[in-house]
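Protein chains in written order, with the numbering used here: chain H, 1087 to 1424; chain F, 1087 to 1424. For each residue, glycine too, the CB sits at the ideal point set by N, CA and C. Just so it is clear, the structure is predicted and the values come from calculations on it, not from any experiment. Please read the structure below before turning to the comments.
There are 2 protein chains.
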Amino acid sequence: MGVVVNLEGGKRSAASIDGLIDLTKDDMGRVNELILSKAGSDVELIPELARHLISSGGKRLRPMVTLAAAQMFGYAGEGHVKLATSVEFMHTATLLHDDVVDESDMRRGRKTARMIWGNQASVLVGDFLLGQAFRMMVDVGSLDALDILSAAASVIAEGEVMQLGVAKNLETTEDEYLAVIKAKTAALFSAAAEVGPVIAEASRNDRAALRSFGANLGLAFQLVDDALDYGGNSSDLGKNIGDDFREGKVTLPVILSYRRGSEEERGFWKCAIEENECDDAALEKAIGLMNKHGAIGDTIGRARHFGEIARDALAPLKATPQKAALFDVIDFCISRVT
Amino acid sequence: MGVVVNLEGGKRSAASIDGLIDLTKDDMGRVNELILSKAGSDVELIPELARHLISSGGKRLRPMVTLAAAQMFGYAGEGHVKLATSVEFMHTATLLHDDVVDESDMRRGRKTARMIWGNQASVLVGDFLLGQAFRMMVDVGSLDALDILSAAASVIAEGEVMQLGVAKNLETTEDEYLAVIKAKTAALFSAAAEVGPVIAEASRNDRAALRSFGANLGLAFQLVDDALDYGGNSSDLGKNIGDDFREGKVTLPVILSYRRGSEEERGFWKCAIEENECDDAALEKAIGLMNKHGAIGDTIGRARHFGEIARDALAPLKATPQKAALFDVIDFCISRVT
């Protein structure tokens, strides 16, 4: 099993997470086993619903970041596997609750759990997975890691509540929107990255570096996701175009288009987002307005900005295959959309 | 501020939790402050919804049990206040999610949070409170207490999922029902009681005693609650009669009546519970059938049985005002219904 060692810091033409996947392959095998065993329960519905989520083909980016961040500082124990699994469970619990809150029917091209098993089961299995996540963290026994991850759990929920307030509010500023995604997306990436050096007992500076890397990677990731929902610059999408639009979500491409638009255009956005007039023709018009005002391009530009901060956060660390792989993750996130 | 010291073990005519309230008065003042501060957030909706819950007039039995259980073993620090607050937050988060899952309109005679702020906010603020609960536990720094409370969080959610499977299923056996309430109600009482001796570094036997006390108190508490929903033996109710019936919940009074009923009576139960024919006339008939088969009396009998086990769990411990107060809590729970 060859490990791909990238030249540190060198911009590569084809950004990919292959380096990260190779470096974490063995550990991810153990994460996947742990996911299956900790999602087990005598209560049939739980493993059934959990299997649906597990087979849904997510990239598992967050747990891989935790594993690489621990390896990077020479961690030799087993705790990182448990922490990585906890991170993935926290993420999965959030998705389950999110789909209920957003009344989403589809995720990654498949029916959401709530469409198959109902909102009730989605809420409760989410709670179960969160409980299991905490049990695994406790099992690792690092109070610092517990502190970071439990704080993230609160902040994520706070971000989701904040998003309710922003929902359908076209007057949301870019700053307000950034505060939402900082909490709901970046907090978990940040915690996932920071617990690596924490469990490896790395220095305070190393912790801060990984924390900052994770937070900024998370912001870039979310902004790219927002751009992709309107087609990004590409036609090859893993996700259905227009999901956010149909749910009336006020994401950055909408915020920029609304603020830069004419009075008449703002009227269109109000009908679409506030009055739910969001059929395919409206979506086409929305994308047209976004392109007119450079809203998608500028959303990607903002993502690049945070990607650069993430890169500089890691810059002073010594060259390791893990560092190179994490650099690639930044490029990969941005390249999804370009 | 006088402290009421009850004679240990003596059955008192008027069971009350005054002893527990007096013993924990100072600590509960700090718990209430902590509840307000930890339910605080810059996201307006969170403290607003939290205030609704806080002012809803629950007895706060669980945190008082934690405080008394810590005092009982001479605990002198501040950790018990944080753990007690965590326990109350876990309980509140469960109520928020429960009301969403059960589609409940009212709780303790007031509109539920989901009726005022919607299901979305209820799910997410529940998640926030759970996150805050974990942060406080982590802050205390006892891995044993964290282990107990995080395991309880998983078990509670498992119990709630189990209850979904039992819902509207009249063939549920008493054993199956007990398994549900053991998980969804008794687990938190048990954890609330056990973390007291844990934080006070009491012996393994003392931990086991409080754990068993809490679990059996929780079972008794839930069974009495189930009986009270059908009027118990009293006419003075803090809760609307028939809430469980209208929601089609299969609780022990229903299980016993169904199993002991004639073919025709079982037909009635099927219409009421499975087909939702649960108007006031049906409720009256249901209570009539319960009385005919002694189902309410026997539910209370089962509660007494667990109350006795709770009492014997504490019996070997040395006489303290806290022990006497916890004995009173058992009597109080049972006396709510007699």
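Would you kindly check if the distance between the Cβ of residue j and the Cβ of residue i is under 8 angstroms?
{"i": "F/LEU1305", "j": "F/ALA1265", "result": "no"}
{"i": "F/ILE1242", "j": "F/LEU1216", "result": "no"}
{"i": "F/VAL1423", "j": "F/LEU1342", "result": "no"}
{"i": "F/GLU1152", "j": "F/VAL1281", "result": "Looking at the sequence itself, residue 1152 of chain F is Thr, so the reference to Glu does not match. Yes, Cβ-Cβ distance for F/THR1152 and F/VAL1281 is below 8 angstroms."}
{"i": "H/ASN1309", "j": "H/GLU1260", "result": "It is worth fixing the name first, because residue 1309 of chain H is Leu in this sequence and not Asn. No; because the gap between Cβ atoms is not below 8 angstroms, this pair is not in contact."}
{"i": "H/CYS1419", "j": "H/LEU1303", "result": "yes"}
{"i": "H/THR1180", "j": "H/MET1150", "result": "no"}
{"i": "F/ILE1132", "j": "H/VAL1247", "result": "yes"}
{"i": "F/ARG1194", "j": "F/GLY1143", "result": "yes"}
{"i": "F/VAL1211", "j": "F/ARG1200", "result": "no"}
{"i": "H/ASP1414", "j": "H/SER1102", "result": "yes"}
{"i": "H/SER1236", "j": "F/VAL1252", "result": "no"}
{"i": "F/GLY1245", "j": "F/LYS1270", "result": "yes"}
{"i": "F/MET1176", "j": "F/ALA1239", "result": "yes"}
{"i": "H/LEU1256", "j": "H/VAL1336", "result": "yes"}
{"i": "F/GLY1318", "j": "F/ILE1382", "result": "yes"}
{"i": "H/ARG1148", "j": "H/VAL1117", "result": "no"}
{"i": "F/ILE1327", "j": "F/VAL1340", "result": "no"}
{"i": "F/GLU1351", "j": "F/LEU1375", "result": "yes"}
{"i": "H/ALA1411", "j": "H/GLY1105", "result": "yes"}
{"i": "H/LYS1254", "j": "H/GLY1334", "result": "yes"}
{"i": "F/ILE1234", "j": "F/ALA1277", "result": "yes"}
{"i": "F/ALA1279", "j": "F/ALA1401", "result": "no"}
What does the alpha-carbon distance come out to for the pair residue i and residue j?
{"i": "H/GLU1119", "j": "H/ALA1136", "result": "13 angstroms"}
{"i": "H/TRP1355", "j": "H/TYR1344", "result": "7 angstroms"}
{"i": "H/PHE1331", "j": "H/ALA1405", "result": "42 angstroms"}
{"i": "F/SER1190", "j": "F/THR1198", "result": "7 angstroms"}
{"i": "F/ALA1396", "j": "H/ALA1399", "result": "56 angstroms"}
{"i": "H/VAL1167", "j": "H/GLU1287", "result": "16 angstroms"}
{"i": "H/ALA1367", "j": "H/ASP1184", "result": "27 angstroms"}
{"i": "F/VAL1209", "j": "H/SER1298", "result": "29 angstroms"}
{"i": "H/SER1141", "j": "H/GLY1204", "result": "19 angstroms"}
{"i": "F/HIS1391", "j": "H/THR1178", "result": "41 angstroms"}
{"i": "F/GLY1227", "j": "F/ILE1107", "result": "27 angstroms"}
{"i": "H/PHE1159", "j": "H/ASP1365", "result": "51 angstroms"}
{"i": "F/ASP1188", "j": "F/LEU1182", "result": "10 angstroms"}
{"i": "H/LEU1229", "j": "H/GLU1134", "result": "32 angstroms"}
{"i": "H/GLU1361", "j": "H/GLY1353", "result": "11 angstroms"}
{"i": "F/GLU1349", "j": "F/GLU1394", "result": "35 angstroms"}
{"i": "H/TYR1316", "j": "F/ASP1329", "result": "47 angstroms"}
{"i": "F/ARG1346", "j": "H/SER1123", "result": "40 angstroms"}
Any idea what DSSP makes of residue i, helix, strand or coil?
{"i": "F/ARG1137", "result": "helix"}
{"i": "F/MET1201", "result": "helix"}
{"i": "F/ARG1196", "result": "strand"}
{"i": "H/LYS1404", "result": "coil"}
{"i": "F/ARG1422", "result": "coil"}
{"i": "H/ILE1103", "result": "coil"}
{"i": "H/ASP1417", "result": "helix"}
{"i": "H/THR1258", "result": "coil"}
{"i": "F/GLY1282", "result": "helix"}
{"i": "H/THR1110", "result": "coil"}
{"i": "H/VAL1252", "result": "helix"}
{"i": "H/TYR1263", "result": "helix"}
{"i": "H/GLU1287", "result": "coil"}
{"i": "H/ALA1239", "result": "helix"}
{"i": "F/GLU1189", "result": "coil"}
{"i": "F/GLY1318", "result": "coil"}
{"i": "F/ASP1128", "result": "coil"}
Between residue i and chain F, is the shortest Cβ-Cβ distance under 8 angstroms, so that the two count as touching?
{"i": "H/MET1425", "result": "Since the first residue shown for chain H is 1087 and the last is 1424, residue 1425 of chain H is missing from the structure and cannot be characterised."}
{"i": "H/HIS1391", "result": "no"}
{"i": "H/ARG1221", "result": "yes"}
{"i": "H/MET1248", "result": "yes"}
{"i": "H/ASP1315", "result": "no"}
{"i": "H/HIS1138", "result": "no"}
{"i": "H/ALA1207", "result": "yes"}
Can you find a CB in chain H that lies within less than 8 angstroms of the CB of residue i?
{"i": "F/PHE1175", "result": "no"}
{"i": "F/ASP1213", "result": "yes"}
{"i": "F/GLN1408", "result": "no"}
{"i": "F/LEU1169", "result": "no"}
{"i": "F/GLU1244", "result": "yes"}
{"i": "F/ILE1132", "result": "yes"}
{"i": "F/GLY1251", "result": "yes"}
query = Which runs of the alpha helix (DSSP H) spanning at least 4 residues fall entirely within the segment 1324-1398 of chain F, listed in chain order?
reply = Listed in chain order, the complete alpha helix (DSSP H) runs (minimum 4 residues) inside the segment 1324-1398 of chain F are 1329-1332, 1338-1346, 1349-1355, 1366-1378.
request  = Starting from the N-terminal side, write out each stretch of the alpha helix (DSSP H) that is 4 residues or longer and does not extend beyond the segment 1131-1186 of chain H.
outcome  = Here the runs fully enclosed are 1131-1140, 1147-1157.
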